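Notes follow the structure.
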Amino acid sequence: MNKFISLLAASFVATAISTGAATAHSELKSSIPAAGSSVESPKSLELTFSDSVNLRFSNVTLTNSGAVEGKIGEPAISEDGHTLVIPVSGPLSAGKYVVNWNALSQDGHKVKGEFSFAVE
Ligand SMILES: [Cu+2]
């Protein structure tokens, strides 16, 4: 049993390392709002990846001061499959926001990350 758990832990670490050092799978290339930017309340969030991602296995959350904001809708994907577009359903109050995302890239690897932006 212990051996099984340590095997699990080892494969988790290996996955984390390969995710960080990856060249083959989709990486987040840019976003709207851009990471670290200060903006007016956005109408949507856009996450653009280096390669296409699978919409069905992608998820994005938006949090403000640790609490999940229920103000974003279901993600849609651009025609080329590179950009997740998430509608923001109402104006966001001023403050700092964290976008937490995970996605399944076409090579079958899961990728994830987060970035923050501020609403003026
Ligand atoms: Cu990959």
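Here the sequence shown stands for residues -21 to -1, 1 to 99, where the numbers follow mature numbering (1 follows the signal peptide of the UniProt record, and there is no 0). Where is the CB? At the ideal position from N, CA and C, for every residue including glycine. What you are looking at is a predicted structure, and each value in this text was computed from that prediction instead of being measured.
Local Cβ density within 10 Å of residue i, reported as buried at 16 or more and exposed below that
| i | result |
| --- | --- |
| Ser37 | buried |
| Ala(-1) | For Ala(-1), the pLDDT reaches just 45, beneath the cut-off of 50, and the residue's location in the model is therefore unreliable, although a value from the coordinates is still provided. Exposed, since its Cβ has fewer than 16 Cβ neighbours within 10 Å. |
| Pro70 | exposed |
| Ala82 | buried |
| Ser17 | exposed |
Collapsed DSSP secondary structure at residue i in the structure displayed
| i | result |
| --- | --- |
| Ala13 | coil |
| Pro21 | coil |
| Lys50 | coil |
| Ala73 | coil |
| Glu93 | strand |
| Ser37 | strand |
| Ser57 | coil |
Host beta strand (DSSP E) of residue i (start-end)
| i | result |
| --- | --- |
| Val64 | 62 to 66 |
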